[in-house]
Amino acid sequence: PTITVPDQTPSDAGTDLVLPETAGPTAENFTVTAPAGLASITVDGTTFTLAQLGTPAYLAAHPITTPDGTLTLTGYDAGTGQVSYSYDPDVLSHTGSAPIIDPISLTVTDANGITGTGQINIGITDSLPVAVDDAASITEDASPNTVTGNVLTDAPGTDTVGADVNPSPITPATVTLAHGDLALNADGSYAYTLNNADPAVNALNDGETL
65 PTITVPDQTP
75 SDAGTDLVLP
85 ETAGPTAENF
95 TVTAPAGLAS
105 ITVDGTTFTL
115 AQLGTPAYLA
125 AHPITTPDGT
135 LTLTGYDAGT
145 GQVSYSYDPD
155 VLSHTGSAPI
165 IDPISLTVTD
175 ANGITGTGQI
185 NIGITDSLPV
195 AVDDAASITE
205 DASPNTVTGN
215 VLTDAPGTDT
225 VGADVNPSPI
235 TPATVTLAHG
245 DLALNADGSY
255 AYTLNNADPA
265 VNALNDGETL
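According to this note's numbering, the sequence shown is numbered sequentially starting from 65.
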């Protein structure tokens, strides 16, 4: 008996499939051949008999916890030998840009007790930080002449820092801008103080903006 795992990443010799850690359950398949008749398939140490492979409810109730994710068999086509599965990667701590490899062992056993082996190598990539623009407004000569907010949590959207959360993702700083000063704190909170003495600010007419 044999196992054939489709290579979805031919340019990467170390993986058969690459997913971002936030991908969620992703459908894939592999193929088994057993001319003498299929008896069972073992996935990462969990064995499924031919009868169990043909029972979707049983497969759904028996997900397999792998080193870096969860694999759930979803079906078996006796005509083609195709075994369908869903893989859900864990959110992992990455120390570099290379994917973390989750090696999942496969064994097929035929009716004579003869076995064949294979392996699915799933690469899990880091989720990237996502930045969302923030906006605030302040009125000339308003009291107070300061507007506050938080660049991590403000509407219209929140910023995310990926799975590898840095406890201090922001470097605090105070900067002088064209028409005022911005103080940014490590927790994302900020205060913008308008310079009402700025000639461009003083030159604004009703309804005009900078």
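Note that CB positions come from ideal geometry on N, CA and C, so glycine has one too.
Inter-segment contact for the stretch 233 to 248 and the stretch 161 to 172 is absent: fewer than three beta-carbon pairs are separated by less than 8 Å. Residue Y140 holds the alpha-carbon nearest to the alpha-carbon of L102 among G187, T136, Y140, Y256. Annotation for V172: the continuous beta strand (DSSP E) segment containing it runs 164 to 174. According to the DSSP assignment, L117 belongs to the alpha helix (DSSP H) that extends over 114 to 117. Taking 8 Å as the cut-off, the beta carbon of V215 is found closer than this to the beta carbon of Y254.
A direct Cα-Cα distance of roughly 23 Å separates Q146 from G78.
L268: not part of any beta strand (DSSP E); DSSP gives it neither H nor E. Looking at the backbone, the Cα of L246 and that of A267 are separated by about 21 Å. Taking the Cα positions, P70 is about 15 Å away from T181. Within the same chain, Cβ atoms closer than 6 Å to the Cβ of T136 are found at P127, S150, the five residues on either side in sequence being excluded.
Burial check for D132: the Cβ neighbour count within 10 Å reaches 16 or more, so the residue is buried. P153 carries a strand assignment under DSSP once its states are collapsed to helix, strand and coil. For the options T130, G213, A100, T144, the alpha carbon positioned closest to that of D198 is the one of G213.
S169 places its beta carbon less than 8 Å from that of D108. Our two residues, T134 and T144, have alpha carbons roughly 25 Å apart in a direct line. Close CB contacts of D154 within its chain, under the 6 Å cut and outside five residues either way in sequence, are with D132, G133 (chain order).
Taking 8 Å as the cut-off, the beta carbon of D174 is found closer than this to the beta carbon of A100.
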